[in-house]
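Participant:
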Amino acid sequence: IHRLLTSDFLRLQSLTTTSCDPDLIDLLHDYGNEYSNKLLENHSLGILKPTYASTQIEREQYIRKKYLDKMYIQPLQFNKKNLTQEQLDVLLYENVETSDCGKTLHLLMLGANPNFSQKMFAAADHAKRHQQIRQMKLILANG
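Residue numbers (the numbering used here): 19 to 161.
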């Protein structure tokens, strides 16, 4: 089902890629499937995941709502209200100064713009200026 959501270009790109940046591999290890699912599946909403007994249609609907519509995403812990696009972008820009890649990933999932610029520096450049190379690579991988 997950493969149905990707484009032919992405499938081809993943098949032809022969190497991957070690920092990105570390990020996948640290913030992989388990961490991402924790953010993408807000259990407080009472939504039940499909089971082996669920129909193909039920599974597809759940996966579309989870990954494309991001309907079940966990809100930021310190803020119960919806953030504006500008607030998300500024939080992302400020967070890349830190080593908290988990929060950066969460902000990206919430829709923060990885190409956001402030004071003539893009978020990736800002991370590099603060010697946060993993943050920079995470931003570049999502930009």
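Think of the CB as a built atom: it goes at the ideal place given N, C-alpha and C, for glycine as much as any other residue.
Just to confirm my understanding: we take residue 145, look at its own chain, exclude 5 residues before and 5 after, and list those with CB closer than 7 angstroms. What are they?
Facilitator: 114, 153, 154 and 157
Participant: Which first and last residues belong to the alpha helix (DSSP H) in which residue 124 is found?
Facilitator: Counted as a single uninterrupted DSSP element, the alpha helix (DSSP H) harbouring residue 124 occupies residues 119 to 128.
Participant: Measure the CB-CB distance between residue 110 and residue 142 and report whether it falls below 8 angstroms.
Facilitator: Contact: no.
Participant: Would DSSP call residue 27 helix, strand or coil?
Facilitator: For residue 27, the predicted model reports a pLDDT of 45, less than 50, meaning its position is unreliable; a value from the coordinates is still stated below. Under the three-state reduction of DSSP output, residue 27 falls in the helix class.
Participant: DSSP state of residue 72, grouped into three classes?
Facilitator: coil
Participant: Do you know how far the Cα of residue 79 is from the Cα of residue 125?
Facilitator: 24 angstroms
Participant: Per the DSSP calculation, residue 135 is bridged to which residue(s)?
Facilitator: 140
Participant: Residue 92 by DSSP, collapsed to three states: which one?
Facilitator: coil
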